[in-house]
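For reference, each letter of the sequence shown is one residue, going 24 to 187 in our numbering. One structure below.
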Amino acid sequence: MKEELEQLGEKASEKHLENKKFFAKLKKKPPKQLDYLMQELHEQEFQSTDCLDCGNCCRTTGPLFTRMDIERIAKHLKIRPSKFIDEYLRVDGENDYVLQQVPCAFLGADNYCSIYKVRPKACREFPHTDRKKFHQISHLTLKNVAICPAAYNIVEEMKRRIKI
Ligand code: SF4
Ligand code: SF4
Numbered sequence: 024m025k026e027e028l029e030q031l032g033e034k035a036s037e038k039h040l041e042n043k044k045f046f047a048k049l050k051k052k053p054p055k056q057l058d059y060l061m062q063e064l065h066e067q068e069f070q071s072t073d074c075l076d077c078g079n080c081c082r083t084t085g086p087l088f089t090r091m092d093i094e095r096i097a098k099h100l101k102i103r104p105s106k107f108i109d110e111y112l113r114v115d116g117e118n119d120y121v122l123q124q125v126p127c128a129f130l131g132a133d134n135y136c137s138i139y140k141v142r143p144k145a146c147r148e149f150p151h152t153d154r155k156k157f158h159q160i161s162h163l164t165l166k167n168v169a170i171c172p173a174a175y176n177i178v179e180e181m182k183r184r185i186k187i
């Protein structure tokens with residue numbers, strides 16, 4: 024996995040234009056069965072990709088934290104939400120709460136998340152490859168293929184399976 028992650032940025036950048044064109048076409052004419060296909064591709068990929076071997080999303084980027092995320096995590100940590108914000112979060116250019124720094128403070132050396140059960144919704148859903156109407160988040164996916172090897176593989180498989 025280490026080698027795969029080292030090469031991912033370069034591989035994603037080589038595919039960027041091709042992916043951009045593919046998603047532009049997909050947006051114009053999404054196949055009827057896209058939701059089912061994405062579910063299948065996502066499940067297939069995560070049968071062979073183990074996030075515990077990777078942790079790249081937690082190391083290199085972070086989720087945004089909703090109010091509900093903050094309250095849930097602060098309760099779990101037995102601190103006030105305001106203290107949680109002061110210690111771990113900052114407000115980004117889009118007015119969202121994000122991590123002050125990466126790697127995420129809750130990521131262990133073994134790639135386990137120490138707040139796994141109460142982790143932010145965005146962490147639970149990353150890399151969003153099983154979400155409905157997947158073509159609507161292509162701007163995010165174009166970035167995520169450079170971070171997440173599973174997302175990269177899923178997009179490659181999409182291009183093989185969807186002829187547009
Ligand atoms: S909260 Fe957990 S899952 Fe989310 S970025 Fe941090 S370590 Fe990763
Ligand atoms: S979601 Fe992607 S980037 Fe994050 S740990 Fe799993 S394979 Fe790695």
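We treat Cβ as the ideally placed atom computed from N, Cα and C, and that holds for glycine.
Who are the Cβ neighbours of residue i in its own chain at under 7 Å, not counting the five residues just before and after it?
i: K50; result: H158, S161
i: H65; result: T152, D153, I177
i: M61; result: T152, D153, F157
i: C127; result: C81, G85
i: K144; result: T89, D92
Suppose contacts are defined by Cβ-Cβ distances below 8 Å. Is residue i in contact with residue j by that definition?
i: C80; j: I138; result: no
i: L122; j: L112; result: yes
i: I96; j: I108; result: no
i: K34; j: I187; result: no
i: Y120; j: L163; result: no
i: V125; j: R82; result: yes
i: A132; j: P150; result: no
i: L57; j: N134; result: no
Within 10 angstroms of its Cβ, does residue i collect 16 or more other Cβ (buried), or is it exposed?
i: N167; result: buried
i: L31; result: buried
i: N42; result: buried
i: E68; result: buried
i: M181; result: buried
i: R90; result: exposed
Enumerate in chain order the residues of its own chain whose CB-to-CB distance from residue i is below 8 Å, with the five nearest sequence positions on each side excluded.
i: P188; result: Any property of residue 188 remains undetermined from this structure, which presents the chain solely from 24 to 187.
i: E148; result: R154
i: R103; result: A97
i: K140; result: H99
i: V114; result: Y120, V121
i: S36; result: A169
i: L165; result: H39, N42, K43, F46
i: E179; result: K38
When you compare the CB of residue i with every CB in chain C, is at least one pair closer than 8 Å?
i: Q124; result: Chain labels in this structure do not include chain C; a single protein chain is all it has.
Ordered along the chain, which non-local residues of its own chain (more than five positions away) have a Cβ less than 6 Å from that of residue i?
i: R223; result: Residue 223 is absent from the model: the chain starts at 24 and stops at 187.
i: K106; result: none
i: C146; result: P86
Inset, instruction - Taking only runs that begin and end inside the stretch 66-153, name each unbroken beta strand (DSSP E) of 3 or more residues, in chain order. - result: Complete beta strand (DSSP E) runs here, min 3: 112-114, 120-122.
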